[in-house]
Amino acid sequence: MKPLKTDKLSDPKEFIKLMVIIFVLVSVFLFSQGVSQQQTIINVVVLLILFICLQLTFVIFYKKGVKTLAFWILMILLLMGISLGVAIWYYSKYGITFQL
51 MKPLKTDKLS
61 DPKEFIKLMV
71 IIFVLVSVFL
81 FSQGVSQQQT
91 IINVVVLLIL
101 FICLQLTFVI
111 FYKKGVKTLA
121 FWILMILLLM
131 GISLGVAIWY
141 YSKYGITFQL
């Protein structure tokens, strides 16, 4: 029998690299456009959707047994994002400035 031809995207690491490259290129494209308040909100929503897709990709690969360092880096980024969101919420609710 002839061996099955596999492409690079069947390797999980190559697929993850492609997803990260797409995320970066879309980020650069979105923020190179005009900067208005509405455009900024659209940019953030699109990047949030892409980030969620990228994170789901890492979680699916992790569940399949492919453990990468990028998964843990994204988990740390997710925790940092949550803590930043809580800090912004706290600041907007109570109006207390942080003394640096």
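So for the sequence shown, this note's numbering puts the first residue at 51; every next one is plus one.
Here a beta-carbon is modelled for each residue, glycine too, at the ideal position from N, C-alpha and C.
Just so we're clear, the structure is a prediction, and the values are computed from it rather than from any experiment.
Integer Cβ distance of residue i from residue j, believed to fall under 8 Å
i: residue 97; j: residue 77; result: 6 Å
i: residue 63; j: residue 107; result: With 8 Å as the limit, residue 63 and residue 107 do not qualify as a contact, their Cβ atoms being about 12 Å apart.
i: residue 93; j: residue 81; result: 6 Å
i: residue 73; j: residue 104; result: 6 Å
Buried versus exposed call for residue i [16 or more other C-beta atoms within 10 Å across all chains shown]
i: residue 123; result: exposed
i: residue 66; result: buried
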